[in-house]
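K.L.:
So that we are looking at the same thing, I have put the structure below in structure tokens.
Protein chains: 4
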Amino acid sequence: MKIELHSEREFDIIAIGRACIDLNAVEYNRPMEETMTFKKYVGGSPANIVIGMSKLGLKAGFIGKLADDQHGRFIEQYMRGVGVDTTQLVVDREGHKTGLAFTEIKSPEECSILMYRDEVADLYLNPSEVNEAYIKQAKILLVSGTALAKSLSREAVFKAIYLAKKNNVKVIFELDYRGYTWVSPDETSAYYTLVAEQADVVIGTREEFNVMENRTDGSNEDTISHLFKHSPELIVIKHGVEGSYAYTKSGEVFKGYAYLTEVLKTFGAGDSYASAFLYALISNKDIETALKYGSASAAIVVSKHSSSEAMPTVEEIEHLIAEHSKEIVANQ
Amino acid sequence: MKIELHSEREFDIIAIGRACIDLNAVEYNRPMEETMTFKKYVGGSPANIVIGMSKLGLKAGFIGKLADDQHGRFIEQYMRGVGVDTTQLVVDREGHKTGLAFTEIKSPEECSILMYRDEVADLYLNPSEVNEAYIKQAKILLVSGTALAKSLSREAVFKAIYLAKKNNVKVIFELDYRGYTWVSPDETSAYYTLVAEQADVVIGTREEFNVMENRTDGSNEDTISHLFKHSPELIVIKHGVEGSYAYTKSGEVFKGYAYLTEVLKTFGAGDSYASAFLYALISNKDIETALKYGSASAAIVVSKHSSSEAMPTVEEIEHLIAEHSKEIVANQ
Amino acid sequence: MKIELHSEREFDIIAIGRACIDLNAVEYNRPMEETMTFKKYVGGSPANIVIGMSKLGLKAGFIGKLADDQHGRFIEQYMRGVGVDTTQLVVDREGHKTGLAFTEIKSPEECSILMYRDEVADLYLNPSEVNEAYIKQAKILLVSGTALAKSLSREAVFKAIYLAKKNNVKVIFELDYRGYTWVSPDETSAYYTLVAEQADVVIGTREEFNVMENRTDGSNEDTISHLFKHSPELIVIKHGVEGSYAYTKSGEVFKGYAYLTEVLKTFGAGDSYASAFLYALISNKDIETALKYGSASAAIVVSKHSSSEAMPTVEEIEHLIAEHSKEIVANQ
Amino acid sequence: MKIELHSEREFDIIAIGRACIDLNAVEYNRPMEETMTFKKYVGGSPANIVIGMSKLGLKAGFIGKLADDQHGRFIEQYMRGVGVDTTQLVVDREGHKTGLAFTEIKSPEECSILMYRDEVADLYLNPSEVNEAYIKQAKILLVSGTALAKSLSREAVFKAIYLAKKNNVKVIFELDYRGYTWVSPDETSAYYTLVAEQADVVIGTREEFNVMENRTDGSNEDTISHLFKHSPELIVIKHGVEGSYAYTKSGEVFKGYAYLTEVLKTFGAGDSYASAFLYALISNKDIETALKYGSASAAIVVSKHSSSEAMPTVEEIEHLIAEHSKEIVANQ
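The listed protein sequences derive, respectively, from chains H, W, X and C.
The first sequence begins at 1 in our numbering and counts up by one.
The second sequence begins at 1001 in our numbering and counts up by one.
The third sequence begins at 2001 in our numbering and counts up by one.
The fourth sequence begins at 3001 in our numbering and counts up by one.
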């Protein structure tokens, strides 16, 4: 099965949601209390994904709201610098801040994030700032779950989905769940369900699908059985090192495997996975290949220091896949 | 066309949303500044509708949240007294208040309402307080637009709709727009659209449909053309004294006429209309007849002092319709 | 001892704080659930006090903020009607509401109030709306504790006190504690202490002084020992039916006795007490006489239905005092 | 004139207020957009002052609230490491954050700060967390103006001042005005005035005194004429490079001069000034000498990268003063 995309569109993908600042520990393998220097990168799941896709040669755009300060301007400059269209990045005029994520890397297995998400500009994106003429130029609209956490950003996303469906733009929903910004599990579940039912492709970890279903013991079978009654054609459920599963409405199931690499930290795995997986779909590759692209891209990013700058090129991804194929042949 | 309802259900209708207190001017035909005494009634659109339907002989239930005070207890006692099932009326434990509506009747044409809707208990209904076992006992779930104005009531309504659709309960969406509680037109439009697309029947005034569409110059044709692409089977659009239109998905259009009566005030017209219209649908009458029931019920309520206590019986409605039929015959 | 007041001032008293609406049960001696009709009066401690003093023949003014609605306009009209200067009653332009108090009279001993104090206009009085030219025309500034419950009203009161002291206007602090509007006992205690230390006269019940001291077992001795180190010259502590005590900085103590009357409800006792007590002070009577005026006025108001309209005249007060003097003589 | 301090107290100084994180540009003399690395320091005016005083050999303690995260723990560890007593640093349990200040150094003359102050832990210090037994062990209580910006921190400061005055602890008020956290100039003015009137020593820039007086054209004469009617004995008003003035209640005026140095950035000048000035007062030096200590300390800190770590020793301060005295002699 392949996802049928509109072929005559200026943008391969337009993402909507948060773009913020990662402050990554320069001195790592220690608690953050002992880290004295931090390096600044652009961060935020949908921003990382479009930066990754831009690096893979696709034409990407972004709809979002930035703080009217040095961090906001840095984000715009950086994204523009890597080729992302930033004409729909609105500047907040009400004093809201850029979201921050300080990363702590105690060890490759013990990573955590200290988030600053109070009164952040991205959650103040307004429905009136979502533009139909822009969205209708895209093959794909990528929606990030975090943008649903608060009004008015939440309603801006609903409007974007409404416009995408009206204009035959495929909607990809990346669950991207960040507990910090949500008030209650009931609220998260309500909006995740509403959006997932309207999306064409849904991507998330098993834990994130559990959040959507407001249960702790969800199963992939229940998840797909419910969602395939609605709009989705393709559902990707990630199970960490055990790999991932792609389900199609027509009943196919594909399994993807994680590539073993030297892990520096776990941040950025999901975003790099999504960007390469979507790259493959847009490039008209089959789903099995897309799963390999996702895994390879994730393996590369977790071995490096950042989430955005570390995004690989097509050559790097294909090189990793080829290397591992040889190993597999050699091991047979 | 008739709406196919599940025949084996304990409740004809279950409504979700606000129940509050009306304080109606005892001395009227003057500005409220000169009114010194107020009479207390139960109010709130969905509460009025189920009270009306209960009086029409149907079995009705209510899902809502009441303040833990004398006004909250009065509402529960009154609704129970007229036969409404109040087992799902949850008592708020966080100090929220009962919504109030002081009515001013300067003249039959100049009526206004002074609303108290800050921190009201009904908007704190929680998704976890919405019960699947209860909803699946109903033929119809009535959703009132005001309940969408704030979290968590908003998410409680989304959950109720999700459970209704899962259990083959028809969803009626009464737009019931009250500007006071909403933050922005964009927000209202986003949620009204989401709910209307999922409902089986949508009822509102032309002005309320304009609010849903976030435009001032909406047309019935545009409205039905959009909504009939989604779930709705029946859409009723009211145009005040010019009457109302009922549109079916299969392409029928019915016009209903307003009955002329002596008007004391305009409050309660919409609620009494909805209760009698829905009564007729549930009683398996055709849509033309249902439109007459709605108009007759509205005509009776606007000639009386309250919205809830004034709800007519079936005999009163049928008597008014019969009287007017004679006039029409006489006029021919 | 007498309080030395500036003799050449246009206003005997200017009060600052809340003016709101009382909705008193027309059918009483029952739970409010069974009361179907409510009668509207102006209410709020400082408003009642100046209405009472105006009725006693003094020249009073009021600084406050009113909702831009029918209730707000009624308050202004009523106060103006009884002779209070309302030129400093500012109209709120941000949609805030008039505070409400529904009174429940189960029996003379069991009275309670259902308060609506969320987002009320009076708490939005702004320091910039407090006018030095106005305050300096007064002999006395009356500050009500409730006005300290929230910013910006709180800061408006601090500014008024600052201006009063600068212009040799005596500051009377009526503790008027209403738990509903306060966030924490620590907060209340902090501001009550700050204001009491700056006031010239402090009036409250023993329970209210305990709130100020953030303890449950306060004693009059501790209270006066602390406050007389600061500005206060006169402190009145009320102990309900046991009567009240007036302490002067110079060491005098006066005891006042409650008059026995037929009690309809307990509301309004404190306000009528304060208005007659202050009337007596302003009229240059001694403290013992002032205590009698306060008690007589309270006795009259608790036998009637409202708090504001029931405020007695000088004749009624003096008549009651005279009657009781005869009884006492007769009993000797 | 000298300030009479209690000689038998365990702590020379206890400060109350914010302790937070500075993130200083590693690559500077450029806009922050081009700074890619930030170095972490403890920051916040009262924290800097006690760190400075501890380095000068005094015994200092701190009352404040820290986030329950890596930044909060770093602050506690650092302050403890330089000898500050941290037993009264409470850990917030409600998810509040550590305040942040990103510093931008475009040039020595163009410095700015990007503040993160939404929902910061320090503003949630609670009056119940202020301990009389602790405060009464101090010679001096240092109050920072920023701690007055919000409830409950504001009320915690009022309680601390109340306890200080009760226990004969001198109150120093450092105006430390940060516009970002305040809602309105009226509010700032109200609380700055209340605290300044109760303090024994008040220190601030001319601009900060203007904020206190809610005017743009304040004069030192007006300021001292008002404040000397209340508690203050000593008032220090700083005029940037023009130097500073110290006024005593008994009528003396001292002028202090700024030392010329190579300036890297302007941050930290006020805090280093205050710490050395107070050190001199506590060490029983006269006011003229104290002014020199303040200026010398400020000159040293503005030539270095941080505000806290750069705090000088007594030797460095006295060396600078001596060097400059030679120059002055040489220039005569």
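Cβ atoms here follow ideal geometry from the backbone N, Cα and C, with glycine treated the same way.
Predicted model, so just to flag it, every value in this text is computed and none were measured.
I believe K1292 of chain W touches G1256 of chain W by the beta-carbon criterion, under 8 Å. Please report the beta-carbon distance rounded to the nearest angstrom.
P.N.:
In the second sequence, the residue the question calls residue 1292 of chain W occupies position 292. In the second sequence, the residue the question calls residue 1256 of chain W occupies position 256. The pair is a contact, with the Cβ atoms about 7 Å apart (cut-off 8 Å).
K.L.:
Under the assumption that T86 of chain H contacts R80 of chain H (Cβ atoms under 8 Å), give the Cβ distance between them as a whole number of angstroms.
P.N.:
Translated into positions along the first sequence, residue 86 of chain H becomes position 86. Translated into positions along the first sequence, residue 80 of chain H becomes position 80. Contact flag correct, Cβ pair sits at about 5 Å.
K.L.:
When you compare only the Cα positions, how much space is there between T188 of chain H and E213 of chain H?
P.N.:
Here residue 188 of chain H refers to the residue found at position 188 of the first sequence. Here residue 213 of chain H refers to the residue found at position 213 of the first sequence. Distance between the alpha carbons of T188 of chain H and E213 of chain H: 9 Å.
K.L.:
How would you call D3022 of chain C, buried or exposed, if buried means at least 16 neighbouring beta carbons within 10 angstroms?
P.N.:
In the fourth sequence, counting from the first residue as 1, residue 3022 of chain C sits at position 22. Looking at its Cβ environment, which holds 16 or more other Cβ atoms inside 10 Å, D3022 of chain C is buried.
K.L.:
By a C-beta neighbour count over all protein chains shown, 10 Å radius and 16 as the cutoff for buried, is F77 of chain H buried or exposed?
P.N.:
Working through the first sequence from its first residue, we reach residue 77 of chain H at position 77. For clarity, residue 77 of chain H is Gln in the given sequence; the question names Phe instead. Q77 of chain H should be labelled exposed.
K.L.:
List the residues of chain C whose Cβ lies closer than 8 Å to the Cβ of K97 of chain H, in chain order.
P.N.:
As a first step, residue 97 of chain H is located in the first sequence; it is residue number 97 there, counting from the start. Correct list: Y3116 and D3118.
K.L.:
Using only the alpha-carbon positions, how far apart do M115 of chain H and D271 of chain H sit?
P.N.:
Residue numbering aside, residue 115 of chain H sits at position 115 when the first sequence is read from its first letter. Residue numbering aside, residue 271 of chain H sits at position 271 when the first sequence is read from its first letter. Computed Cα separation, rounded: 17 Å.
K.L.:
Which two residues bound the contiguous alpha helix (DSSP H) that contains V3289 of chain C?
P.N.:
Locating residue 3289 of chain C in the fourth sequence gives position 289, where the first residue counts as 1. Here residue 3289 of chain C turns out to be Thr, not Val, going by the sequence shown. Where T3289 of chain C is concerned, the enclosing alpha helix (DSSP H) stretches over I3287 to V3301.
K.L.:
How big is the Cα-Cα spacing for Q2137 of chain X and L2320 of chain X?
P.N.:
Within the third sequence, numbered from 1, the residue matching residue 2137 of chain X stands at position 137. Within the third sequence, numbered from 1, the residue matching residue 2320 of chain X stands at position 320. The alpha-carbon atoms of Q2137 of chain X and L2320 of chain X are separated by roughly 33 Å.
K.L.:
Would you mind stating whether A2299 of chain X and T2289 of chain X have Cβ atoms separated by less than 7 Å?
P.N.:
Here the question's residue 2299 of chain X lines up with position 299 in the third sequence. Here the question's residue 2289 of chain X lines up with position 289 in the third sequence. Cβ distance not < 7 Å, so A2299 of chain X and T2289 of chain X don't count as in contact.
K.L.:
Thinking C-alpha only, which one of C:L3125, C:K3139 and C:A3160 is nearest K3150 of chain C?
P.N.:
Taking the first residue of the fourth sequence as position 1, residue 3150 of chain C is located at position 150. The shortest C-alpha separation from K3150 of chain C is found at C:L3125.
K.L.:
According to DSSP, is Y3245 of chain C helix, strand or coil?
P.N.:
For the purposes of this step, residue 3245 of chain C is taken as residue 245 along the fourth sequence, with counting starting at 1. Of the three classes helix, strand and coil, the one that applies to Y3245 of chain C here is strand, per DSSP.
K.L.:
Considering only their Cβ atoms, is the gap separating N2210 of chain X from G2218 of chain X smaller than 7 Å?
P.N.:
Indexing the third sequence from 1 puts residue 2218 of chain X at position 218. Indexing the third sequence from 1 puts residue 2210 of chain X at position 210. Yes. Within cutoff.
K.L.:
So if DSSP puts S1112 of chain W in a beta bridge, which residue, or which two residues, is it bridged to?
P.N.:
Sequence index remark: in the second sequence, residue 1112 of chain W carries index 112 (1-based). Paired residues: W:E1104.
K.L.:
Please identify, using Cβ separations under 8 Å, the residues of the region 1068-1092 of chain W that lie next to chain X, in order along the chain.
P.N.:
The residues in question are D1069, Q1070, H1071, R1073, F1074 and Q1077.
K.L.:
Since K1039 of chain W is in the beta strand (DSSP E), which residue starts that stretch and which ends it?
P.N.:
Taking the second sequence and counting its residues from 1, one reaches residue 1039 of chain W at position 39. From DSSP, the beta strand (DSSP E) with K1039 of chain W extends over T1037 to G1043.
K.L.:
By the criterion of Cβ-Cβ separation under 7 Å, what are the contact partners of N3167 of chain C in chain X?
P.N.:
If you number the fourth sequence from 1, residue 3167 of chain C lands on position 167. The contacting residues do not exist; N3167 of chain C stays about 14 Å from chain X at best.
K.L.:
Does P3127 of chain C have its Cβ less than 7 Å from a Cβ in chain X?
P.N.:
By 1-based counting over the fourth sequence, the position of residue 3127 of chain C is 127. Output row for P3127 of chain C: interface = yes.
K.L.:
Output yes if chain X places a C-beta closer than 7 Å to the C-beta of S3151 of chain C; else output no.
P.N.:
Taking the first residue of the fourth sequence as position 1, residue 3151 of chain C is located at position 151. True, the Cβ-Cβ gap to chain X drops below 7 Å.
K.L.:
Quick one: what's got a C-beta closer than 6 Å to P3127 of chain C's C-beta in the same chain, skipping five residues either side?
P.N.:
In the fourth sequence, counting from the first residue as 1, residue 3127 of chain C sits at position 127. Closer than 6 Å at the Cβ level, and outside the excluded window around P3127 of chain C, lie E3155, A3156 and K3159.
K.L.:
For A47 of chain H, count neighbouring C-beta atoms within 10 Å of its own C-beta (all shown protein chains included) and say buried if the count is 16 or more, exposed if not.
P.N.:
Residue 47 of chain H sits at position 47 when you count from the first residue of the first sequence. So A47 of chain H ends up on the buried side.
K.L.:
Can you find a C-beta in chain X that's less than 7 Å from the C-beta of T1037 of chain W?
P.N.:
Residue 1037 of chain W sits at position 37 when you count from the first residue of the second sequence. By this cut-off, T1037 of chain W is an interface position.
K.L.:
Is the separation between the beta-carbon of V301 of chain H and that of G268 of chain H shorter than 7 Å?
P.N.:
In the first sequence, residue 301 of chain H corresponds to position 301, counting from 1. In the first sequence, residue 268 of chain H corresponds to position 268, counting from 1. Yes, the Cβ-Cβ distance between V301 of chain H and G268 of chain H is below 7 Å.
K.L.:
Taking 7 Å as the limit between beta carbons, can you name the residues of its chain near I3224 of chain C, skipping five residues before and five after?
P.N.:
On the fourth sequence, residue 3224 of chain C is found 224 positions in, with the first residue counted as 1. The answer, listed in chain order, is I3235 and Y3247.
K.L.:
Helix, strand or coil for A1276 of chain W, going by three-state DSSP, please let me know.
P.N.:
One-based indexing of the second sequence puts residue 1276 of chain W at position 276. Correct three-state label for A1276 of chain W: helix.
K.L.:
Rounded to the nearest angstrom, what separates R3117 of chain C and R1030 of chain W at their Cα positions?
P.N.:
On the fourth sequence, residue 3117 of chain C is found 117 positions in, with the first residue counted as 1. On the second sequence, residue 1030 of chain W is found 30 positions in, with the first residue counted as 1. Each residue's Cα considered, the two are about 52 Å apart.
K.L.:
Can you round the beta-carbon distance between S303 of chain H and V263 of chain H to whole angstroms, since I take them to be within the 8 Å contact cut?
P.N.:
As a first step, residue 303 of chain H is located in the first sequence; it is residue number 303 there, counting from the start. As a first step, residue 263 of chain H is located in the first sequence; it is residue number 263 there, counting from the start. Yes, S303 of chain H and V263 of chain H are in contact; Cβ-Cβ is about 6 Å, under 8 Å.
K.L.:
Starting from K2139 of chain X, trace the beta strand (DSSP E) in both directions and tell me its first and last residue.
P.N.:
Residue 2139 of chain X sits at position 139 when you count from the first residue of the third sequence. A2138 to S2144 is the extent of the beta strand (DSSP E) around K2139 of chain X.
K.L.:
The region 2-35 of chain H: which residues have C-beta closer than 9 Å to a C-beta of chain C, in chain order?
P.N.:
Within the region 2-35 of chain H, the residues whose Cβ lies closer than 9 Å to some Cβ of chain C are L23, V26, P31, M32, E33, E34 and T35, listed in chain order.
K.L.:
Tell me whether the beta-carbon of P3232 of chain C lies closer than 7 Å to the beta-carbon of A3199 of chain C.
P.N.:
If you number the fourth sequence from 1, residue 3232 of chain C lands on position 232. If you number the fourth sequence from 1, residue 3199 of chain C lands on position 199. The answer is yes: Cβ separation under 7 Å.
K.L.:
Is H3230 of chain C buried or exposed, if buried means 16 or more other CB atoms sit within 10 Å of its CB?
P.N.:
Translated into positions along the fourth sequence, residue 3230 of chain C becomes position 230. The residue in question, H3230 of chain C, is exposed, as its Cβ has fewer than 16 Cβ neighbours within 10 Å.
K.L.:
How big is the Cα-Cα spacing for E1132 of chain W and G2095 of chain X?
P.N.:
Locating residue 1132 of chain W in the second sequence gives position 132, counting from the first residue. Locating residue 2095 of chain X in the third sequence gives position 95, counting from the first residue. Distance between the alpha carbons of E1132 of chain W and G2095 of chain X is about 39 Å.
K.L.:
Identify the contact partners of E2109 of chain X in chain W, using a Cβ-Cβ distance below 8 Å as the criterion.
P.N.:
Within the third sequence, numbered from 1, the residue matching residue 2109 of chain X stands at position 109. What E2109 of chain X touches in chain W: nothing, since even the nearest Cβ is about 18 Å away.
K.L.:
Measure the Cβ-Cβ separation of S112 of chain H and E119 of chain H and say whether it is below 7 Å.
P.N.:
Your numbering for residue 112 of chain H matches position 112 in the first sequence. Your numbering for residue 119 of chain H matches position 119 in the first sequence. No, they are not a contact pair.
K.L.:
Does chain C have any CB closer than 7 Å to the CB of K285 of chain H?
P.N.:
Taking the first residue of the first sequence as position 1, residue 285 of chain H is located at position 285. No, its Cβ sits nowhere closer than 7 Å to a Cβ of chain C.
K.L.:
Please list, in chain order, the residues of the region 2168-2188 of chain X that have any C-beta partner in chain C closer than 8 Å.
P.N.:
Under the 8 Å Cβ criterion, the region 2168-2188 of chain X contributes V2183, S2184, D2186 and E2187.
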